[in-house]
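As you go down the protein sequences, you meet chains A and B in turn.
First residue of the first sequence? That's 1 in full-length UniProt numbering, and the numbers climb one at a time after it.
First residue of the second sequence? That's 1 in full-length UniProt numbering, and the numbers climb one at a time after it.
Input: a single structure, listed below in structure tokens.
Number of protein chains: 2
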Amino acid sequence: MTNSSKIKVYQEVLEQIRLFIEEHELSEGDRLPSERELADQLGASRSSVREALRAIELLGLIETKHGEGTFLRTYRPYHSVELLATFVLRQPKTKEELLDVRQILEQQCIIRVMDHISSEDIDDLIEQLVTIDEQEVHEFIFKQLFSIVGNELLSKIWYLINNFSQASYRIIKSKSEYVRLLSFIKNKDIPNALSVLEHLYFDHD
Amino acid sequence: MTNSSKIKVYQEVLEQIRLFIEEHELSEGDRLPSERELADQLGASRSSVREALRAIELLGLIETKHGEGTFLRTYRPYHSVELLATFVLRQPKTKEELLDVRQILEQQCIIRVMDHISSEDIDDLIEQLVTIDEQEVHEFIFKQLFSIVGNELLSKIWYLINNFSQASYRIIKSKSEYVRLLSFIKNKDIPNALSVLEHLYFDHD
DNA sequence: AACTTATCAGTGGTCAGACCACCACTTTAA
DNA sequence: TTAAAGTGGTGGTCTGACCACTGATAAGTT
């Protein structure tokens, strides 16, 4: 008898909820039965039902509204990704690894943004730079660029890496460097844009 | 006052557990405090602690042994993958994003591995392919390649993405494709290697 | 002394029930 | 007609109880 052979109640509830959703063809925004109802129907206690629901919630599959009910939501892995990341990144990573991954993400961001960004967007960005503190220029620009690229998952990963990075180092360059970068992006000049980007990661100014 | 502003107890517990693991530098196999202890320390009820623990368990971060305690484990998706599958399949956007990110990571892996891998390594890999089930060839090869590249952070991110991906699709190509890929890597032929890689993502065989 | 068995404390698993906060809706009062 | 108070249902949280399982200790047996 293996120790993992016993199925816990909350896991059974999990499966039943899944089946319920499938059978009733529920989709985004639809409401699930109340916790008490589920407990009753499935012959489990409300506690067990809640354990299952909280787990699904953390996965990002449902959304809970106090006083209203539990609703299906559009699934995005990002909630769990964030939590997983904090565990995965638990051990202090070397500065090089963080920088490496960061570079990959930002390179790809620049490559991909070329297809989506307009000249006006870039001009707007350059204008806004005036109001941004120099320490936050890098983060500001890439936050904008990533959101233009539109891949939320990519953005989220970058954002996490960015935050972890700032614990050990910070990219601070003069705004003129970023204006150059943006200009190359405007001209769809990938090689030069990437070249400028690479310079940003070095310490010397 | 937005409705999402209130943090639930179980979410706070989640965060505290994460911090506890960080502070005490716990790693795989280490035991967490008992549910009652956690409840006491964090000033929460055991129910709330359990909601948090069950959620983490579903994610695959911890393992629970009846009568013994709760233990950290290396991340392995638990029920989460099957559970997510039902939902992710209906979210084309998420699927696209996952594939996109995955492609980025695997491209970079191939580019980077060229500097670290020897001809013998590749020959070994090709030999081992015989024993691998066709369904797992892709995962197997990249697991090896990533470990050769040496950036643990990159590896872990890929591993996470890979697992999430498998909830919605799976890359299955004949082994000969992978032999081609490895051959190009052997010859340090980046363009052709990336070209083969790109083919892998398409459905047609 | 060595070995088996019984006991026990600690742990997770589950449940029932209580109370609160919140929301949508209805009823009531101005 | 409109504003206020009430109402029922919902999630959020806590308490305390009991069970099943585990590992170690104590007691008993050979």
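Don't be surprised by glycine CBs; every beta carbon is placed ideally from N, CA and C.
(message) Quick check on DSSP: helix, strand or coil for A/T131?
(response) helix
(message) Which runs of the alpha helix (DSSP H) at least 4 residues long sit entirely within the stretch 19-90 of chain B? Give them in chain order.
(response) 35-42, 46-59, 80-88
(message) With the cut-off set at 8 angstroms, would you say A/E28 and A/R73 are in Cβ contact?
(response) yes
(request) Output yes if chain A places a C-beta closer than 8 angstroms to the C-beta of B/Y75; else output no. (result) yes
(message) Tell me which residue opens and which closes the alpha helix (DSSP H) that A/Y159 is part of.
(response) 152-165
(request) Anything in chain B within Cβ reach of A/N151, meaning under 9 angstroms, just list it in chain order. (result) E96, E97, D100, V101
(request) Verify whether the separation of the beta carbon atoms of B/I122 and B/K186 is less than 8 angstroms. (result) yes
(message) Using only the alpha-carbon positions, how far apart do B/E96 and B/M114 sit?
(response) 28 angstroms
(message) Which residues of the stretch 33-58 of chain A have a Cβ closer than 7 angstroms to any Cβ of chain B? Give them in chain order.
(response) S47, R50, E51, R54, A55, L58
(message) Using beta carbons (cut-off 8 angstroms, strictly below), is B/Q91 in contact with chain A?
(response) yes
(request) Just mark A/F202 as buried or exposed, buried being the case when its beta carbon has 16 or more other beta carbons within 10 Å. (result) exposed
(request) Give a yes or no on whether the minimum CB-CB distance between residue 211 of chain A and chain B is below 8 angstroms. (result) Outside the displayed span of chain A (1 to 205) sits residue 211 of chain A, for which this structure offers no information.
(request) Please state whether DSSP places A/D124 in a helix, a strand or coil. (result) helix
(message) Using 8 angstroms as the threshold, is the C-beta distance between B/L98 and B/S155 below it?
(response) no
(request) Assign B/K95 to one of three DSSP states: helix, strand, or coil. (result) helix
(request) If I'm right that A/L129 touches A/V137 with Cβ under 8 angstroms, what's the distance once you round it to whole angstroms? (result) 7 angstroms
(request) Check A/R112 in the structure and name its three-state DSSP category. (result) helix
(request) Taking only the alpha-carbon atoms, compute the straight-line gap between B/R50 and A/T131 and give it to the nearest angstrom. (result) 47 angstroms
(request) Would you mind working out which of A/E37, A/I56, A/I141 sits nearest A/N162, comparing C-alpha positions? (result) A/I141
(message) Taking 8 angstroms as the threshold (C-beta atoms), are B/N192 and A/T100 in contact?
(response) Residue 100 of chain A is actually Asp in this sequence, not Thr. Not in contact: A/D100 and B/N192 (Cβ atoms no closer than 8 angstroms).
(request) Look at the alpha carbon of B/A55 and the alpha carbon of A/S47, and state the distance between them as a whole number of angstroms. (result) 13 angstroms
(request) Taking all protein chains shown into account, decide if A/S45 is buried (16 or more other Cβ within 10 angstroms of its Cβ) or exposed. (result) exposed
(message) Any C-beta of chain A within less than 7 angstroms: which residues of the stretch 136-163 of chain B qualify?
(response) N151, E152, L153, L154, K156, I157, L160
(message) Measuring alpha carbon to alpha carbon, tell me which residue in A/I157, A/V13, A/E63 is nearest A/E82.
(response) A/I157
(request) Output the boundary residues of the alpha helix (DSSP H) element that contains A/E198. (result) 190-200
(request) Give the C-beta separation of B/L145 and B/C109 to the nearest angstrom, bearing in mind that I take them to be a contact with Cβ-Cβ under 8 angstroms. (result) 5 angstroms
(request) Output the distance between the C-alpha atoms of A/V13 and A/L53, rounded to the nearest integer angstrom. (result) 9 angstroms
(message) For B/L197 and B/K143, what's the separation of their Cα atoms in angstroms?
(response) 15 angstroms
(message) What residue range does the alpha helix (DSSP H) around A/S147 cover?
(response) 137-149
(message) Short of 6 angstroms in beta carbon distance, which residues of its chain neighbour B/S4, apart from the five on each side in sequence? Order them along the chain.
(response) At B/S4 the pLDDT is 45, less than 50, meaning the model places this residue with poor confidence and gives no usable figure here.
(request) Answer yes or no: does any C-beta atom of chain A fall closer than 8 angstroms to that of B/S195? (result) no
(message) Could you check whether B/I104 and B/E134 sit closer than 8 angstroms to each other, using their CB atoms as the reference points?
(response) no
(message) I'd like to know whether the C-beta atoms of A/L182 and B/L59 end up nearer to each other than 8 angstroms.
(response) no
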